[in-house]
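Scroll down for the structure; my scribbles are underneath it.
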Amino acid sequence: MLATAHAAALVGLDAWPVRVEVESARGPNGFILVGLAEASVRESRVRVRSALFQLGVDLGEYVIVANLAPADLKKTGGAFDLALALATLGAIGEVPPDSLASTLVLGELSLTGAVRPVRGVLPQLLGARRAKIPCAIVPEANGAEAASVEGIEVRVASSLDQVRQHLRGKTPLPLANKKAFSPCFLPGADLSDVKGQHAARRALELAAAGSHHLLMIGPPGGGKTMLARRLPGILPPLAHEEALEVSVVHSVAGILPADSGLLAIRPFRAPHHTVSEAGLVGGGDPPRPGEISLAHLGVLFLDELAEFRRASLEALRQPLEDGILTIARARWRATFPARPLVVAAVNPCPCGHAGDPSGRCRCGADRVRAYRARLSGPLLDRIDLHVQLPPVDVGSLRAASGGECSADVRDRVVMARSIQTDRLRRGEVGVSVNAMLSLREIDRVATPDEAGGALLAAAVDKLGLSARAYAKVLRVARTAADLDGSDGVHVCHIAEAVQARLLDRVAGAESARQELSP
Ligand SMILES: Nc1ncnc2c1ncn2[C@@H]1O[C@H](COP(=O)(O)OP(=O)(O)OP(=O)(O)O)[C@@H](O)[C@H]1O
Ligand SMILES: [Mg+2]
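Numbering-wise (this note's numbering), the sequence shown opens with residue 1070 and increments by one.
Structure below.
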């Protein structure tokens, strides 16, 4: 007898439908599995046979032939176990063979027949909805994730026997619990905890408002990590569509918390500086998203930037430019979204105290220069805002409370973002955040007034700002104006944006010094 079940194979974030066809015949014991099944899928024969044995079904008297179609699509992982077991039950007449005709089945089996969670349930359910499959059976721990996909009936299973009873029409499987989506913010990480550091707080607000990447330079213990961790809390709350995009990436990576619906908090990823290139941008076969994609629509924090491998950082260039990352292999091409806000932190020198008025730095000019040279590079070119953090002064530390709370700053950020979205709606620009304004769009919406233009010209002249830095100053100035609710870009906005080109200013000052030295 022939029975079929629906499953899916993941390629990047896409789920491709897979038909699990099982044919059985009485005969010498055998279980043949075809259809480009990787080792992990081939092993599923052992799990299926053992799980069925626990139900009192002995395959010893059957020859089972299973086919995973289409045959040219590679199948990996344990998620085909449940579909294979159920189609086998259908093929030997233990459940009605057509009972699975309109149901997507996902789940890994233990040897005892327990149904284990699998990764990528969310995109696989979205794929099933596209393929007009009306029902799904998923592992219990994946229920809330699956139920966040509208328009498909999701039932959850914790054991193979439960599913058998359901398909026999005896005890229906419970429907998955749908969790209401309510965006929120990480508790216990509020900006009001941060004392002093006014320039850095303002830079954080500009970064959030215009989606500008940010570099913080400062001594150890000055609050760089503390500030970076508070950035997601001043970004606008996740919209439902955004939460879906972010959750799909986390689901494919297998890190969506068990029993959680859509992610409600913007991601914050802080990979260690020893992270490999693949860890940062993604890769592998099957392809997995890297940190840059896991931080999509959230924050990618590169702490101790000078310690990262140069090759890893350079691999970030293309995805940061395009907002998307494509990994191509001979047989497949996987695409992952990659639009995080990058925040990097670094000490000013190896000991971390260069520039400290107390003169405690003993690094020497050459060591400081060599250390800073590790920072120069294409990634820095993509960072709009540089801010220097001084050591926190005792007066600020003794103050009873820090500055404004995250909610107040977030209100201004949300207002500035809505001004940018309106500009997009009016057709003045083609992007929704200032950090992505093209040169032509900058001309249209960020041309400064006369005094601002004069200040900018002087900055270009004196500091030797490059054409790229010039455009960045105008993008940041546009954000400062949006935070002010100002239509025009004025001299104060240009001044603030020039101030935020710290590294260019340092480089400009150094080259000016060199020109002057005999
Ligand atoms: N501005 C601040 N306001 C209040 N507490 C602070 C501030 N800066 C630092 N601290 C305290 O010092 C601790 C260390 O700060 P943090 O880890 O952010 O420093 P850092 O600049 O990242 O240092 P490093 O360069 O060593 O990584 C914080 O957990 C906090 O308790
Ligand atoms: Mg730190």
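All residues carry an ideal CB built from backbone N, CA and C; glycine is no exception.
On the DSSP letters alone, give me the boundaries of the beta strand (DSSP E) that residue i sits inside.
i	result
Thr1395	Ile1393 to Ala1397
Ala1076	Leu1071 to Val1080
Val1286	Note that residue 1286 is Ile in the sequence shown here, rather than Val. Leu1283 to Ile1286 is the span of the beta strand (DSSP E), which, as asked, contains Ile1286.
Leu1371	Val1368 to Leu1371
Ile1206	Cys1204 to Pro1208
Ser1093	Asp1083 to Arg1095
Thr1404	Arg1402 to Pro1406
Ile1133	Tyr1131 to Ala1138
Arg1027	Residue 1027 falls outside the range modelled here, since the chain spans only 1070 to 1587, and no answer is possible.
Gly1099	Gly1099 to Val1103
In chain order, what residues of the same chain have a beta carbon less than 7 Å from the beta carbon of residue i, not counting five sequence neighbours either side?
i	result
Ser1171	Ile1202, Pro1203 and Cys1204
Asn1246	Gly1212, Ala1213 and Ala1216
Gly1182	Ala1120, Gln1123, Leu1124, Ser1228, Leu1229 and Asp1230
Ala1564	Leu1524
Ala1608	One cannot answer for residue 1608 here, as it falls past the ends of the chain, which runs 1070 to 1587.
Spatial neighbours of residue i within its chain, please: CB distance less than 6 Å, with the 5 preceding and 5 following residues excluded, ordered by chain position.
i	result
Val1415	Ile1286, Leu1374 and Ala1375
Leu1173	His1075, Ala1197, Ile1202 and Ala1205
Val1103	Asn1136
Phe1377	His1342
Gly1146	Ser1109
Thr1240	Gln1234
Ile1452	His1282 and Leu1284
Leu1071	Glu1092
Val1560	Ala1520, Gly1521 and Leu1524
Arg1443	Ala1375
Report, in whole angstroms, the separation of the C-beta atoms of residue i and residue j, which I expect to be a contact under 8 Å.
i	j	result
Val1091	Lys1144	In fact, because the Cβ distance is near 15 Å, the residues do not count as touching under 8 Å.
Leu1283	Leu1454	5 Å
Ile1361	Val1482	Ile1361 to Val1482, Cβ: 22 Å. No contact.
His1281	Val1545	6 Å
Ala1148	Leu1191	The Cβ separation is near 13 Å, so there is no contact.
Val1253	Ala1333	Checking the sequence, you will find Cys at residue 1253 rather than Val. 5 Å between Cβ atoms; contact.
Lys1089	Leu1153	For the record, residue 1089 in the displayed sequence is Val; it is not Lys. Sure, about 6 Å apart at Cβ, within 8 Å.
Val1232	Pro1208	Actually they are not in contact, since the Cβ atoms of Val1232 and Pro1208 sit about 11 Å apart, beyond 8 Å.
Gly1162	Phe1405	44 Å between Cβ atoms; not a contact.
Can residue i be considered in contact with ligand 4, in the sense that its beta carbon sits closer than 7 Å to one or more heavy atoms?
i	result
Val1461	In the structure on display, ligand 4 does not appear, and the ligands it does have are ligand 1 and ligand 2.
Starting from residue i, trace the alpha helix (DSSP H) in both directions and tell me its first and last residue.
i	result
Ala1540	Ala1536 to Asp1553
Arg1118	Ser1113 to Gln1123
Asp1259	Unbroken run through Asp1259: none, as it is neither H nor E.
Ser1381	Arg1379 to Glu1383
Gly1212	Gly1212 to Ala1216
Pro1447	Pro1447 to Asp1450
Ile1361	Glu1360 to Leu1363
Please return the same chain residues whose Cβ sits closer than 8 Å to the Cβ of residue i, not counting the five positions on each side in sequence.
i	result
Arg1547	Gly1279, Asn1503, Leu1506, Ile1511, Val1514, Ala1515, Val1558 and His1562
Ala1384	Glu1346, Leu1349 and Val1350
Gln1387	Leu1394
Leu1105	Leu1137, Ala1140, Asp1141, Leu1142, Lys1143 and Lys1144
Ser1329	Ala1213, Glu1214 and Lys1248
Ala1380	Glu1346
Could you tell me whether the segment 1509-1517 touches the segment 1492-1501, where touching means 3 or more Cβ pairs closer than 8 Å?
-> yes
Heavy atoms of ligand 2 versus C-beta positions, residues under 6 Å = Lys1293, Thr1294, Asp1372 and Ala1414
Could you tell me whether the segment 1362-1371 touches the segment 1292-1305, where touching means 3 or more Cβ pairs closer than 8 Å?
-> yes
Do the segment 1428-1443 and the segment 1388-1395 touch if we need at least three Cβ pairs shorter than 8 Å?
-> no
For the segment 1236-1251 and the segment 1218-1227, state whether three or more C-beta atom pairs, one from each stretch, are separated by less than 8 Å.
-> yes
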